[in-house]
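Visitor: Using the numbering used here, read the sequence shown as starting at 8 and increasing by one per residue. Built from N, CA and C at the ideal position, the CB exists for glycine as well.
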Amino acid sequence: MAGFLVGALSYALCRCVVGGRLAVLSAHLRSVAENISQASRTGNWSQSTSQRIRVDSDDQLGETARAFNSLLDALEAGEHFRSLVRNASDIITVVDPSGAITYQTPSVGWVLGYPPGALLGSDVHDLLHPDDAATFRTRLAGVIAGSTQTPCTGSRMRHRDGSWRWMETVASNLLDDSAVNGIVLTTRDVSDRKELEERLRTQAFYDPLTGLPNRALFMERLSAAEDLERDTGAPAAVLFLDLDNLKAVNDNLGHSGGDILLQVVAARVKACLRPEDTLARLAGDEFAVLLIGAHSSEQATRVADRILASLREPI
Numbered sequence: 008m009a010g011f012l013v014g015a016l017s018y019a020l021c022r023c024v025v026g027g028r029l030a031v032l033s034a035h036l037r038s039v040a041e042n043i044s045q046a047s048r049t050g051n052w053s054q055s056t057s058q059r060i061r062v063d064s065d066d067q068l069g070e071t072a073r074a075f076n077s078l079l080d081a082l083e084a085g086e087h088f089r090s091l092v093r094n095a096s097d098i099i100t101v102v103d104p105s106g107a108i109t110y111q112t113p114s115v116g117w118v119l120g121y122p123p124g125a126l127l128g129s130d131v132h133d134l135l136h137p138d139d140a141a142t143f144r145t146r147l148a149g150v151i152a153g154s155t156q157t158p159c160t161g162s163r164m165r166h167r168d169g170s171w172r173w174m175e176t177v178a179s180n181l182l183d184d185s186a187v188n189g190i191v192l193t194t195r196d197v198s199d200r201k202e203l204e205e206r207l208r209t210q211a212f213y214d215p216l217t218g219l220p221n222r223a224l225f226m227e228r229l230s231a232a233e234d235l236e237r238d239t240g241a242p243a244a245v246l247f248l249d250l251d252n253l254k255a256v257n258d259n260l261g262h263s264g265g266d267i268l269l270q271v272v273a274a275r276v277k278a279c280l281r282p283e284d285t286l287a288r289l290a291g292d293e294f295a296v297l298l299i300g301a302h303s304s305e306q307a308t309r310v311a312d313r314i315l316a317s318l319r320e321p322i
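#1: Which residue's Cα is closest to the Cα of L134: T100, V276, T308, R206?
#2: On the three-state DSSP scale, how would you describe R167?
#3: So, for E293: in the same chain, excluding its five sequence neighbours on each side, which residues have a beta-carbon less than 6 Å away from its beta-carbon?
#4: Any contact of the stretch 175 to 184 with the stretch 145 to 160, i.e. 3+ C-beta pairs under 8 Å?
#5: Measure how close the beta-carbons of D284 and V296 come, nearest whole angstrom, since I'm counting them as under 8 Å.
#6: Check each candidate in Q210, Q111, A152 and name the one with the smallest Cα separation from D183.
#7: With C-beta atoms as the reference, is A232 less than 7 Å away from A243?
#8: In chain order, what residues of the same chain have a beta carbon less than 7 Å from the beta carbon of N252, not counting five sequence neighbours either side?
#9: Rounded to whole angstroms, how far is the Cβ of D97 from the Cβ of T193, which I believe are closer than 8 Å?
#10: Looking at the unbroken beta strand (DSSP E) that takes in E293, where does it start and where does it end?
#11: Would you tell me roughly how many angstroms separate the C-alpha atoms of G261 and L315, rounded to the nearest one?
#12: When you compare only the Cα positions, how much space is there between D214 and P220?
#13: Rounded to whole angstroms, how far is the Cβ of D196 from the Cβ of M174, which I believe are closer than 8 Å?
#14: For F190, collect the residues of the same chain with a Cβ closer than 8 Å to its Cβ; drop the 5 residues on either side in sequence, then sort them by chain order.
#15: For the beta strand (DSSP E) containing V102, list its first residue and its last residue.
#16: Quick one: measure Cβ to Cβ for W171 and H136, integer angstroms, because I've assumed they're closer than 8 Å.
#17: Flag this pair as yes or no: are the beta carbons of A287 and L246 separated by less than 7 Å?
#18: Under a three-way DSSP split, which group does S105 fall into?
Below you can see the structure in the form of structure tokens.
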């Protein structure tokens with residue numbers, strides 16, 4: 008009888024202890040499940056994975072507690088990654104092989120002005136400037152065909168306000184990744200850098216007074232014309248113009264008067280030329296004209312006569 012009582016007491020005590028630990032585990036599970044459910048609705052995950060169960064045994068309940076804590080660790084790591092993606096300054100876009108947008112980070116809002124989710128389902132190529140779309144499409148097709156990643160592709164993308172922003176995009180093929188199942192485009196706004204590059208190029212190759220190509224750019228285009236003539240036989244001609252008595256204008260009207268004269272001369276000569284021709288300011292009062300496709304000296308002479316006639320008009 009005594010043995011039976013001891014056994015019954017041990018069973019009851021064990022049931023009480025195990026039941027108590029199981030109740031604690033169950034309570035933790037319910038609490039975290041409620042927090043995760045709420046976080047999925049509100050988007051606030053800060054408190055949803057902060058709870059952990061104290062593991063003080065190696066039995067099945069202890070193993071369950073450890074597995075539960077590992078699950079919370081994975082959820083926390085996943086949320087950390089999602090938070091980094093959501094707050095990244097670059098636009099991260101996922102497209103299917105046809106170019107349709109299936110996912111896009113909220114950064115599209117502050118970079119291109121579109122509300123989050125507004126572009127889902129649209130074709131990413133529709134955002135591109137017409138002059139850049141073909142190159143972008145070719146690069147994307149190369150990634151889909153097997154390349155894991157493309158080098159940076161520069162292109163202009165349309166802002167919601169109708170302006171164009173210079174962007175650099177890297178495309179990665181994650182079609183075989185079941186978690187992504189698409190092409191990932193990481194896009195960065197480089198408009199400020201492009202603007203600086205263009206400003207530096209203008210300073211290096213253009214005359215600040217007239218806006219014409221300077222000597223360096225003229226020589227570059229002349230060399231290209233020589234190469235074209237050698238390869239295709241397309242001829243070119245060069246005219247030199249020099250303004251007489253510019254010093255007298257500066258002495259009588261000041262340098263501002265001389266500057267105005269140079270600007271007027273540049274505008275008149277340029278009006279006599281075709282878009283493919285080049286008018287450059289080589290030095291103070293020296294100009295040069297590069298005529299592409301001038302098949303005879305008579306053709307070059309006719310252009311020179313038009314220029315002289317325009318300059319004979321009063322200024």
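Guide: In brief:
#1: Reading the sequence shown from its first residue, position 127 is the one you call residue 134. Looking at the Cα atoms, T100 is the closest of the given residues.
#2: Position 160 of the sequence shown, counting from 1, holds the residue named residue 167. Coil, per DSSP.
#3: Position 286 of the sequence shown, counting from 1, holds the residue named residue 293. Excluding residues within five positions, the ones whose Cβ falls inside 6 Å are D249.
#4: Output reads yes: the stretch 145 to 160 touches the stretch 175 to 184.
#5: One-based indexing of the sequence shown puts residue 284 at position 277. One-based indexing of the sequence shown puts residue 296 at position 289. That pair is a contact at about 7 Å.
#6: Here the question's residue 183 lines up with position 176 in the sequence shown. Nearest option by C-alpha distance: A152.
#7: For the purposes of this step, residue 232 is taken as the residue at position 225 of the sequence shown. For the purposes of this step, residue 243 is taken as the residue at position 236 of the sequence shown. Result yes, Cβ atoms of A232 and A243 sit closer than 7 Å.
#8: Counting from one through the sequence shown, the residue named residue 252 turns up at place 245. Correct list: empty, nothing qualifies.
#9: Looking up residue 97 in the sequence shown gives position 90. Looking up residue 193 in the sequence shown gives position 186. Contact flag correct, Cβ pair sits at about 5 Å.
#10: Working through the sequence shown from its first residue, we reach residue 293 at position 286. It spans 293 to 299 - the beta strand (DSSP E) in which E293 sits, taken as one unbroken run.
#11: Position 254 of the sequence shown holds residue 261. Position 308 of the sequence shown holds residue 315. Just so you know, the alpha carbons of G261 and L315 end up roughly 25 Å apart.
#12: Sequence index remark: in the sequence shown, residue 214 carries index 207 (1-based). Sequence index remark: in the sequence shown, residue 220 carries index 213 (1-based). Computed Cα separation, rounded: 6 Å.
#13: Within the sequence shown, the letter at position 189 stands for residue 196. Within the sequence shown, the letter at position 167 stands for residue 174. Indeed they touch by this definition, with Cβ atoms about 6 Å apart.
#14: Here the question's residue 190 lines up with position 183 in the sequence shown. The residue asked about is misnamed: residue 190 is Ile in this sequence, not Phe. Excluding positions up to five away in sequence, the list reads V101, V102, D103, P104, L147, V150, I151, A178, S179, N180, L181, L182.
#15: Taking the first residue of the sequence shown as 1, we reach residue 102 at position 95. Where V102 is concerned, the enclosing beta strand (DSSP E) stretches over 98 to 102.
#16: Counted from its first residue, the sequence shown places residue 171 at position 164. Counted from its first residue, the sequence shown places residue 136 at position 129. That pair is a contact at about 6 Å.
#17: Here residue 287 refers to the residue found at position 280 of the sequence shown. Here residue 246 refers to the residue found at position 239 of the sequence shown. No, these two residues do not count as a Cβ contact at 7 Å.
#18: Here residue 105 corresponds to residue number 98 of the sequence shown, with the count starting at 1. In the structure shown, S105 sits in coil (DSSP, three-state: anything other than H, G, I, E or B).
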